[in-house]
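Chemist:
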Ligand SMILES: C[S@@+](CC[C@H](N)C(=O)[O-])C[C@H]1O[C@@H](n2cnc3c(N)ncnc32)[C@H](O)[C@@H]1O
């Protein structure tokens with residue numbers, strides 16, 4: 001599978017702040033490492049999110065998509081919490097970061113590590129994609145469902161896509177950092193997603209130039225309109 005960096009510490013600049021992530025690459029759980037999908041997605045958001053204090057004068061085709069005013073978000077499979085923390089710094093303050101039970105210590109450790117930069121501990125919840133009670137327990141629907149590097153086990157793909165559908169508003173979006181990790185999971189994921197969502201791939205030139213890798217992409221999903 002391939003972990004992004006061997007080094008235990010990663011710094012990520014978001015606007016004028018720096019997140020400091022600590023990963024445990026020796027752990028049995030993949031969520032205790034930081035994966036490239038989360039960095040590429042975070043820096044794409046950092047590049048295009050318009051800040052109300054510093055309105056951009058250059059044309060920004062993502063300004064409506066990334067208008068976080070009065071919006072709610074949830075991150076699935078957050079791991080060390082990189083993308084959720086980045087979004088919080090970018091103004092999406094109503095956000096809950098979720099993962100499986102064994103990853104919670106690594107997530108909470110990283111949230112605590114960044115508490116000064118963030119200004120508070122962010123909300124977390126245990127959420128297994130196949131657990132409808134946990135999905136309903138986080139009070140859906142959300143304007144944004146965020147996920148990075150979550151497609152690598154064929155058996156969990158169905159539950160993941162169903163969770164995305166249950167969690168996102170009819171006019172909301174799923175923002176996905178994606179890298180092919182398993183050909184079987186990849187094939188099934190895109191098949192099922194194609195039935196539920198209209199899929200837009202962000203052009204490589206719109207990714208952050210310093211976080212733009214051949215094998216990693218950002219996708220925007222919107223729910224397909226149901227035929228009445
Ligand atoms: C490869 S890691 C990516 C972590 C983080 N998003 C990143 O990019 O650094 C995949 C994440 O999905 C979570 N995950 C895998 N299967 C899951 C499931 N069935 N329900 C909830 N989370 C799951 C893992 O615990 C892990 O945190």
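Numbering (my numbering), first residue to last: 1 to 228.
Even for Gly, the Cβ is constructed at its ideal location relative to N, Cα and C.
The structure presented is a predicted model; accordingly, all values stated were derived computationally and were not measured.
1) Determine the direct distance from the alpha carbon of residue 196 to that of residue 224, and round the result to whole angstroms.
2) Is residue 44 near residue 202, with beta carbons less than 8 Å apart?
3) Report back the beta-carbon spacing between residue 86 and residue 10 to the nearest angstrom; my notes put them in contact at under 8 Å.
4) Are the beta-carbon atoms belonging to residue 37 and residue 103 less than 8 Å from one another?
5) Where do the N-terminal and C-terminal ends of the beta strand (DSSP E) with residue 178 fall, by residue?
6) Is it buried or exposed, residue 136, if we count other Cβ atoms within 10 angstroms and call 16 or more buried?
7) So what does DSSP say about residue 44, is it helix, strand or coil?
8) How about the stretch 183 to 197 and the stretch 149 to 163: do they share at least three Cβ pairs that are nearer than 8 Å?
9) According to the neighbour-count rule (16 or more other Cβ atoms, all chains shown, within 10 Å of its Cβ), is residue 111 buried or exposed?
10) In the DSSP assignment, what are the bridge partners of residue 96?
11) Residue 145 bridges to which residues according to DSSP?
12) Is the stretch 77 to 93 touching the stretch 162 to 174, taking contact as three or more C-beta pairs under 8 Å?
13) Going by C-alpha distance, which of 177, 16, 199, 133 is nearest residue 75?
14) What does the Cβ neighbour count give for residue 145, buried or exposed, with the cut at 16 atoms within 10 Å?
15) Indicate the three-state DSSP secondary structure (helix, strand or coil) for residue 22 in the structure shown.
16) Could you tell me the alpha carbon to alpha carbon distance between residue 1 and residue 174, rounded to whole angstroms?
17) Assuming residue 95 and residue 126 form a contact by the criterion Cβ under 8 Å, report the distance between their Cβ atoms to the nearest whole angstrom.
18) Buried or exposed: where does residue 194 fall if 16 or more other Cβ atoms within 10 Å of its Cβ makes it buried?
19) How long is the line joining the alpha carbons of residue 198 and residue 222, rounded to whole angstroms?
20) May I ask which residues mark the beginning and end of the beta strand (DSSP E) holding residue 216?
Modeler: If we stick to the structure as given:
1) 6 Å
2) yes
3) With a Cβ gap of about 12 Å, residue 86 and residue 10 do not count as contacting.
4) no
5) 168 to 179
6) exposed
7) helix
8) yes
9) buried
10) 74, 123
11) 74, 174
12) no
13) 177
14) buried
15) strand
16) With a pLDDT of 34 at residue 1, under the threshold of 50, the modelled position of that residue is not reliable, and no figure is offered here.
17) So it is not a contact: roughly 16 Å between Cβ atoms.
18) exposed
19) 5 Å
20) 216 to 223
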